[in-house]
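For reference, the structure is listed below as structure tokens.
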Amino acid sequence: MGYNSEFRRSIDQRDEFWREQAAAIDWITPPDTIWRAKANGHGEWFPDGVLNTCDVALDANIRAGRGDQVALIYDSPVSQTQQSYTYNQLRDAVARFAGALKSQGIRKGDRVVIYMPMVPQAAVAMLACARLGAVHSVVFGGFAPHELAVRIEDARPKALITASCGIEVSRVIEYKPLVDKAIAQSQHKPEFCVVLQRPQAHADLEAGRDLDWEALMAGATPAEPEPVQATDPLYILYTSGTTGKPKGVVRDNGGHAVALRYSMKLVYDANPGDVFWAASDVGWVVGHSYIVYGPLFAGCTTVLYEGKPVKTPDAGAFWRVVQDHGVNLLFTAPTAFRAVRKEDPEADHLQRYDISSLKRIFLAGERLDPPTYEWLKEHTGLPVLDHWWQTETGWAICCNPVGIEMMETKPGSATVPSPGFNVQVIDINGAQVAAGEQGQIAVKLPLPPGCMTTVWGDDDRFRKTYLDPIPGYYSSGDGGYIDDDGYVFIMGRTDDVINVAGHRLSTGEMEEVVASHPAVAECCVVGAHDDLKGQVPIGLVLIKDGATIDHDELEEELVEMVRDRIGAIACFRRAMVVDRLPKTRSGKILRRIIRQIADGEDYSVPSTIDDPAILEEISEKFRG
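Under full-length UniProt numbering, the residues of the sequence shown are numbered 1 to 624, in order.
Printed below as a string of structure tokens:
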């Protein structure tokens, strides 16, 4: 059966199609009802099914005879450590940590925030929460205390799990002071914290609240999987919105397991025993879907890498991991290979390693620029496959469906909609546009399994953000077009969320930080093109009358403020002082034109601008 027939069946015979996919995972009680409609065209998948996600990921593989197969490989060039766990060993570690959490009162439905570096215990913590039916919320270890505090306040966790430190290329980052500061800032206080002590830094534990990971594990009784409804939440993952408050994307248990199991074959053509490496972080959706859950659902060996594409120790780092562990399938963001190409343009490091195990390279998280695509194709000789998805969807909206049939690639396109995603391009009036015409990328409801079910604690925000803008559709927030062959081209965001090295960040949130400086009267932050990171934020700042601060000093202070409030990952390093901001006569800042000027593009002066001369002044600033 080819792609076209499978796609049509997923749309025209939806329930039958997903019933077949659901049969691929182990249920405690298989679902009778496949989809149940709710309001606004949204609904619930497998509502009467009962399962446990950790059981599907680990115990089911042991029942299938894969207990002695390696489940997880830990490779850490920054700590000079390699370690592997079989399915039996990983299940035992997860069951014991689940028992440890249970002994401290964690039960089904409780929330647990995980603020961990890329160590095996991060995956163990996630799977242990799933084993108990507790809801985990992983926060990227590089986020500043304020960002962690906001998430603690929103999720209201009973427990927080962290480590004494994370390790960067040139420094050790102590996590415990950041966690303590975040808890102090948050009105909600976790009942207890579990701290993994790493040899690179020792964390001081607060009596009565903080518990040592190893000591807790030593006396724990292993816990069995807790049955949960398919519609029960598995995790909350926060993603940037157009306001300062992040959105807590909620993923259910049943739809998530079914969709990821299907996607491992459809998108990656992964089979049991394959070594699958998603070079990402468990703090992002890729880490959830394709480091921890998807590969284990499919009986693969997953690689958890604590390092960088370059400087750990060099631009051959990725090729070394592929060789050392026999990686078959590699998935990362284009930024990673842009960094490799920048340091090793002729791919000299590649010649030092045997990457013959590698079948395909997959890229997502941001636009795959043609030069990076061509460089990878030329130097590896492998299929290089782009795919497009979002934190909200949890798996690929569009892909090259290699598990069904390998389709021709078109540079700049994520190829075709995955079965289950009825992708359409809509104009501002909500009407479908012709092939080749640009518009809003939307998915006709219902969304397939595995997509977000709501925003944590705020169903109204979920509807207003995703369902109400285009009635009958999920609004992706991205613009683009579909060509005559049905290939989807994503051209960029239609809101103020920018993509920095594959990480979605809100320029609106950065503007709030910049505007809080006592010398700043008004500001604007836009995403400008960057050859390495895709986009980086740049601030335009008006100084208050009477303020005498040096412009370079102000820039340094603003950069430090954004780093402190949002984190170094924002890559906010430039704030230019201007006399005025370009605005319409109604007072709206012309952000799109500022972006075009920053990127050196041609732009049209809108008739509504209050003072056209300011555009040339802004252009001079950027040229300078």
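Beta carbons: idealized from backbone N, C-alpha and C, even for Gly.
The structure displayed is predicted, hence computed values, not measured ones.
DSSP places M576 inside the beta strand (DSSP E), whose first and last residues are A575 to V577. W388 sits in a strand when the DSSP states are folded into three classes.
T162 and M116 do touch by the CB rule: their CB atoms are close to 6 Å apart, below 8 Å.
Note on geometry: alpha-carbon atoms of I34 and H256 lie some 14 Å from one another. When the beta-carbon positions are compared, R111 and E226 stay at least 8 Å from each other. For R171 and C165, the gap between their C-alpha atoms comes out near 10 Å. Sorting V433, G439, Y474 and D154 by C-alpha distance to the C-alpha of C451 places Y474 at the top.
Taking C-alpha positions only, Q438 is separated from D478 by approximately 11 Å. Rounded to the nearest whole angstrom, the CA to CA distance from D552 to A570 is 19 Å.
Looking at L329, R352 and F337, the one whose alpha-carbon comes closest to that of P383 is L329. I498: member of the beta strand (DSSP E) spanning V497 to V500, first to last residue. Take D564, set aside five residues on each side of it, and the residues of its chain with a beta-carbon closer than 7 Å to its own are A144, in chain order. Contact fails between the stretch 273 to 283 and the stretch 39 to 52, because fewer than three Cβ pairs, one in each stretch, are under 8 Å apart. Taking C-beta separations shorter than 7 Å and ignoring five residues to either side along the sequence, E16 has no partners in its chain. Per DSSP, the unbroken alpha helix (DSSP H) holding K342 starts and ends at P334 to E343. The DSSP-derived three-state label of A259 is helix.
When Cβ pairs closer than 8 Å are counted between the two stretches, the stretch 360 to 376 is seen to touch the stretch 328 to 346, the count reaching three or more. Relative to the Cα of K247, the nearest Cα in the group L590, L505, E522 and A519 belongs to L505. In the DSSP assignment, E147 falls within the alpha helix (DSSP H) that extends over P145 to A155. Fully contained in the stretch 299 to 372 are the following alpha helix (DSSP H) runs of length 4 or more, in chain order: 317 to 325 and 334 to 343. DSSP places Q596 in the uninterrupted alpha helix (DSSP H) bounded by R591 to A598. If you check the CB distance, I106 and K158 come in under 8 Å. In this structure, A182 places its C-beta atom within 8 Å of the C-beta atom of L148. Bounds of the beta strand (DSSP E) holding S137 are V135 to V138. L101: not part of any beta strand (DSSP E); member of the alpha helix (DSSP H) spanning Y87 to S103, first to last residue. A298 is positioned such that its CB atom lies no closer than 8 Å to that of G394. DSSP, reduced to helix, strand and coil, places L532 outside both helices and strands of the structure shown, so it counts as coil. Within a 10 Å sphere around the beta-carbon of R96 sit 16 or more other beta-carbons, which makes this residue buried. Per the coordinates, the alpha-carbon of A123 lies some 21 Å from the alpha-carbon of R63. Counting C-beta pairs with one atom in each stretch, the stretch 420 to 436 and the stretch 281 to 294 have fewer than three that are closer than 8 Å, which means they do not touch. Contact between the stretch 482 to 492 and the stretch 430 to 445 is present: three or more C-beta pairs spanning the two stretches fall below 8 Å. When C-beta atoms of the stretch 308 to 321 are compared with those of the stretch 347 to 360, three or more pairs fall below 8 Å, so the two segments count as touching. Scanning G502, T415, L532 and N429 for the CA closest to the CA of Y481 turns up T415. Using a Cβ-Cβ distance cut-off of 8 Å, the stretch 299 to 318 and the stretch 61 to 79 are in contact, since at least three pairs of beta carbons, one from each stretch, lie closer than that value. Secondary structure note for C129: its alpha helix (DSSP H) is the uninterrupted segment P120 to L132.
Secondary structure at G41: helix, using DSSP grouped into helix, strand and coil.
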